[in-house]
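Under the numbering used here, residues -6 to 110 are what the sequence shown spells out, in order.
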Amino acid sequence: MNKYKFLGIILHFFYRILSFMTRKEYFYAKNMKMMNNPNIIVFWHRKIFTVCNATRIIKKKASIVSASKDGEILAEVLKREGNELIRGSSNRDNIKSLKEAVRYAKKIIHWGLQLMV
């Protein structure tokens, strides 16, 4: 086990503790068919824990995560939260990750994309 994966496990442990202590309210769409349609969720890095909490009710979901070493930390957290992972970044493997995201969207999987400032 490399150090990035280990840090991801530790971070996920702290995330679960914080998640347990926060109050959550879910607002469902009036037409539940909308919840089953594929969605793209775009968010900033600093909102990662909020998005993980909010998307916990979605069963099939995937996330695009950086292919870098520090992306391994986030990948471990998201994998433990039930996300399928699409590895890639804007610099490396960008076309490959986009094609894989489209493939997931065709399988009716909700997927998220992080934005960096």
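Note that beta-carbon positions come from the ideal geometry of N, C-alpha and C, so glycine has one too.
The model shown is predicted, which means the values in this text are computed figures rather than measured ones.
- Shortest Cα-Cα distance from Ser61 to any of Asn87, Arg9, Lys52 involves Asn87.
- One Cα belongs to Ile3, the other to Ile33, and the distance between them is close to 28 Å.
- Beta-bridge analysis with DSSP links Ala94 to no other residue.
- Ile66 and Lys100 have their C-alpha atoms spaced approximately 26 Å apart.
- In the three-state reduction of the DSSP assignment, Glu77 falls in the strand class.
- Measuring C-alpha to C-alpha distances from Lys53 to each of Lys40, Ala98, Leu0 identifies Ala98 as the nearest.
- Non-local beta-carbon contacts of Glu74 in its own chain, meaning distances under 6 Å to residues more than five positions away in sequence, involve Cys45 in chain order.
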